[in-house]
Amino acid sequence: MNRFPLLLLLVFSSISDGYAQSTQGWRDKLAPEVRAAFDRDAKMDILVVFEKQTDLRDAKSLKTKLQKAQWVTRQLQATAAESQSNAIRLLRQRQANLNSFYLVNALAVESADPALLPLLAALPEVSNICADPWVAFQMPQIEHPAVVERNAIEWGVDKINAPLVWSMGYTGQGITIGGSDTGYQWDHPALKDHYRGWNGSAADHNHNWHDAIHEVNPQNDTTMVNFCGLDATEPCDDSAHGTHTMGTMTGDDGQGNQIGVAPGAKWIGCRNMERGYGKPSTYIECLQWFLAPTDLNGQNADPALAPHVINNSWYCAVQEGCIDLTVNELLHQSVVGLRASGVVVVVSNGNFGNQGCASTYGPPAYFEESFSVGATRFDDTLANFSSRGPVLIDGSNRIKPNVAAPGVFVRSSTPIDGYNWLSGTSMAGPHVVGLVALVLSARPDLAGNVDLIEDIVEQTSIFMADPDNCGIDGTLRPNNGFGWGRVDALGAVNMALQQASGTSEPGAVSASVWPNPTSGMMVFDLQNIQGPAQLRIYDAAGKLVRASEHTFQQHELLPVSLEQAPKGVYFWQITCEKGVMAGKVVRE
């Protein structure tokens, strides 16, 4: 009997099975929409995501904001350089248009040829290949209040008590605010003197402005020219939204238009949308730029020039095209990286409140690390459009927003040299950004201590009950309507002034808690506290649940139990001769 045909058949079958498994292996790395484009032999904008991610938790042990920013930037750049080299070499050999992101260890490839997909997906260091779609942003509409009664100081600025903080001498001086939006009219009368790139006689946009828009969105009318152009070398706003948000943060023209919460702060900006459409890659590019701003050529990244706090009045909503949770995770990692570097990341919570409870589902608002802001009216009621919690998209049941701020009929700057009223959580977030700048101008040594800054803003907010009882009892604090409450700049600054030093100077007192979250037992790590001190722990409603007196000797490890306490958020406060330290711990 001739056995060679059977042997050849078995060999061929083995090869075919191996090929099928190999093919299936790389195809499994493709998101469904990318796989569909490949099967149609269609080009597509993609994101190539790499397996290796950087553990940034050690950044917490660094004392200053600059130390954190430099360390985080180095770690992320090293990981990206190691992971991306093969893919970049492959793409450049084929003259692909690519953009490298070290903040999230990913590559954006514009109009990727389908033939590239098997080659990229076959690289063992590549974990996923996702779509990078243009996503529509629902712009707030201009709407005038029925009765226009205004003072020089806008109602929202006054409502959160910013003028009382100014009277104390704190206007945001020495603090840099970052804005990621549709762009900015930098020479608007209310903004020009507050732009970090303007020295009073000349403008320098290096390290102060970045344009992440490198192509025209095909969903826009391509016959219409974007007057800002592409890769703009000076700040420009093609949709007015960004100019409005920046006005609420820093604006004041000196002529009776006191529209900003922190007029003493300086601002820098990045355009992440093209006439109302953004891509995950444009959002990530701006966030990376804030970690270490570059010059206009994209070179000389410098973490020392990073802002203290950034505003994100945008979202990448599921129903508007942001459907891939892998892409959402890239946005999440962007926020995690920035926060680890010492930047407070303020995010508008979204305008889907008309859908009722659990309407917080657009990234980056739903992330734990985002400081999300809902919108209130003149009378401190919640705006109908303000998205409510709890967060269900990731199964966390997380309470959102963190806080609320004025967001209805907010008057601010608009191109060209104008002013107008807009409503939205996009208008609320900038109030909180300005508030953070006021806090840091009062206590610049707290810069980079994101946990503490956010705790201060939350704890000093004015409690408001959620009448809709979304997810939990609306009388609890926090709740899924207002979070911890409507923010109060005066209360926040006063609490900040009571905090112990946040610097790394020899002898500076400090306190931290680990593990956090805790299942019950936790340990306070106390540094440079000498003599008597008091520990107080309060529940989320402000009720004292534990009080104890201690005498410490420089460095102490103090075990404390919350095993008998119900799950939830607790605030701790340690008072000693050198000041007051405070923080938040979660009991799981």
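The numbering used here numbers the first residue of the sequence shown as 42 and each following residue consecutively.
Virtual Cβ for every residue (Gly too), placed ideally from N, Cα, C.
Keep in mind it's a predicted model, so treat the numbers as computed, not measured.
So, under 8 Å CB-CB, residue i and residue j are touching, yes? Tell me the CB distance rounded to an integer number of Å.
i, j, result
"S354", "T286", "5 Å"
"G383", "A119", "The pair is not a contact, with the Cβ atoms about 19 Å apart (cut-off 8 Å)."
"V414", "G470", "4 Å"
"D278", "P456", "5 Å"
"R429", "D509", "7 Å"
"G241", "H472", "So it is not a contact: roughly 28 Å between Cβ atoms."
"S322", "D173", "5 Å"
"L148", "N138", "Actually they are not in contact, since the Cβ atoms of L148 and N138 sit about 11 Å apart, beyond 8 Å."
"A128", "L71", "Not quite, the Cβ-Cβ distance comes to about 15 Å (not below 8 Å), so this is no contact."
"N146", "Q94", "6 Å"
"N390", "T401", "6 Å"
"I325", "L585", "Rounded, the Cβ-Cβ distance is 44 Å, inconsistent with contact."
"A478", "V350", "6 Å"
"V449", "A424", "5 Å"
"C398", "C327", "With a Cβ gap of about 31 Å, C398 and C327 do not count as contacting."
Bridge partners of residue i, per DSSP?
i, result
"K625", "F612"
"P447", "T417"
"G620", "C617"
"C277", "C277 is not bridged to any residue."
"A574", "H591 and C617"
"L599", "F565"
"D580", "Y611"
"W555", "V564"
"Q540", "V621"
"V90", "A147 and N169"
"C311", "S221 and H251"
"F412", "V387"
"G524", "N520"
"Q299", "I194"
"M85", "A153"
"L71", "I170"
"L423", "T417"
"L585", "Y579"
Spatial neighbours of residue i within its chain, please: CB distance less than 7 Å, with the 5 preceding and 5 following residues excluded, ordered by chain position.
i, result
"S545", "Any reading at S545 is ruled out, since the residue's pLDDT is 44, under 50, leaving its predicted position unreliable."
"V601", "M563 and F565"
"L50", "Unreliable placement is indicated for L50, whose pLDDT of 38 sits below 50; the coordinate value is still reported in the next sentence. None."
"P556", "M563"
"E618", "G572"
"A121", "S141, Y143 and N146"
"D421", "M505 and R527"
"L531", "N202, L205 and V206"
Output needed for residue i: all residues of its chain with C-beta closer than 8 Å, excluding positions within five of it in sequence on either side, in chain order.
i, result
"G319", "W175, V176, F178, N313, W355 and C357"
"A483", "V206, M209, Y211, V534, A537 and L538"
"V73", "The sequence shown places Pro at residue 73, not Val. Cβ within range, chain order: n/a, list empty."
"K84", "A78, S152, A153, D154 and P155"
"P426", "Checking the sequence shown, residue 426 turns out to be Phe, not Pro. Closer than 8 Å at the Cβ level, and outside the excluded window around F426, lie N392, F393, G394, N395, A416, S464, G465 and T466."
"E629", "P558, T559, S560 and K608"
Please confirm whether residue i has its beta-carbon closer than 8 Å to some beta-carbon of chain C.
i, result
"K619", "This model lacks chain C altogether, as it is built from one protein chain only."
For residue i, I'd like the list of residues in its chain whose CB is within less than 6 Å of its CB, leaving aside the five on either flank, ordered along the chain.
i, result
"M622", "A541, A552 and I615"
"V388", "N353, P405, A406, S411 and S413"
"E604", "G561"
"N438", "P431"
"N249", "R237, G238 and I309"
"A588", "R577"
"E166", "F91, E92 and S124"
"Q62", "Note that Q62 scores a pLDDT of 40, beneath 50, so its modelled location is shaky and nothing firm can be said."
"N258", "W175, E315 and Y318"
"C363", "V176 and C357"
"A306", "G213, I216, I218, T291 and A478"
Inset, instruction - Pair every Cβ in the region 443 to 450 with every Cβ in the region 171 to 178, then say whether three or more of these pairs are closer than 8 Å. - result: With a cut-off of 8 Å, the region 171 to 178 and the region 443 to 450 do not count as touching, because too few Cβ pairs lie within range.
Inset, instruction - At 4 residues or longer, and completely inside the region 129 to 215: list those alpha helix (DSSP H) runs for me, N to C. - result: Taking only runs of at least 4 residues, the alpha helix (DSSP H) segments lying wholly in the region 129 to 215 are 157 to 162, 196 to 200 and 203 to 207.
Legend entry - Those runs of the beta strand (DSSP E) which lie wholly inside the region 427 to 513 and span at least 3 residues: For the region 427 to 513, the continuous beta strand (DSSP E) assignments of 3+ residues that do not extend past its boundaries occur at 444 to 447, 451 to 455 and 459 to 463, in sequence order.
Inset, instruction - At 3 residues or longer, and completely inside the region 234 to 268: list those beta strand (DSSP E) runs for me, N to C. - result: Inside the region 234 to 268, DSSP marks whole beta strand (DSSP E) runs of 3 or more residues at positions 250 to 252, from first to last along the chain.
Legend entry - 4-residue-minimum alpha helix (DSSP H) runs that sit fully inside the region 313 to 393, ordered along the chain: Taken in chain order, the unbroken stretches of alpha helix (DSSP H) that lie wholly in the region 313 to 393 and span 4 residues or more are 321 to 332 and 366 to 381.
Inset, instruction - Answer yes if the region 394 to 410 comes into contact with the region 370 to 380, meaning at least three C-beta pairs across the two stretches below 8 Å, and no otherwise. - result: The answer is yes - the region 394 to 410 touches the region 370 to 380, with three or more Cβ pairs under 8 Å.
Legend entry - Sufficient close CB pairs (3 or more, under 8 Å) joining the region 263 to 276 to the region 153 to 167: Too few Cβ pairs lie closer than 8 Å, so no.
Legend entry - Contact between the region 563 to 579 and the region 591 to 599 (3+ Cβ pairs under 8 Å): Counting Cβ pairs under 8 Å, three or more are found: they touch.
Inset, instruction - Decide yes or no for the touch test of the region 195 to 215 against the region 295 to 312: beta carbon pairs closer than 8 Å, at least 3 of them. - result: Touching, yes.
Legend entry - Any 3 or more C-beta pairs closer than 8 Å across the region 461 to 469 and the region 415 to 429: Taking 8 Å as the limit for Cβ pairs, the verdict is that the region 415 to 429 does touch the region 461 to 469.
Legend entry - the region 490 to 504 in contact with the region 518 to 535 per 3-pair CB rule at 8 Å: Using a C-beta cut-off of 8 Å, the region 490 to 504 makes contact with the region 518 to 535, since at least three inter-stretch Cβ pairs fall below that distance.
Legend entry - Inter-stretch contact at 8 Å, needing at least 3 Cβ pairs: the region 329 to 348 / the region 225 to 235: Flag = no, the region 329 to 348 and the region 225 to 235 do not touch.
Legend entry - Three CB pairs or more closer than 8 Å across the region 515 to 524 and the region 458 to 465: At 8 Å Cβ cutoff, the stretches do not touch.
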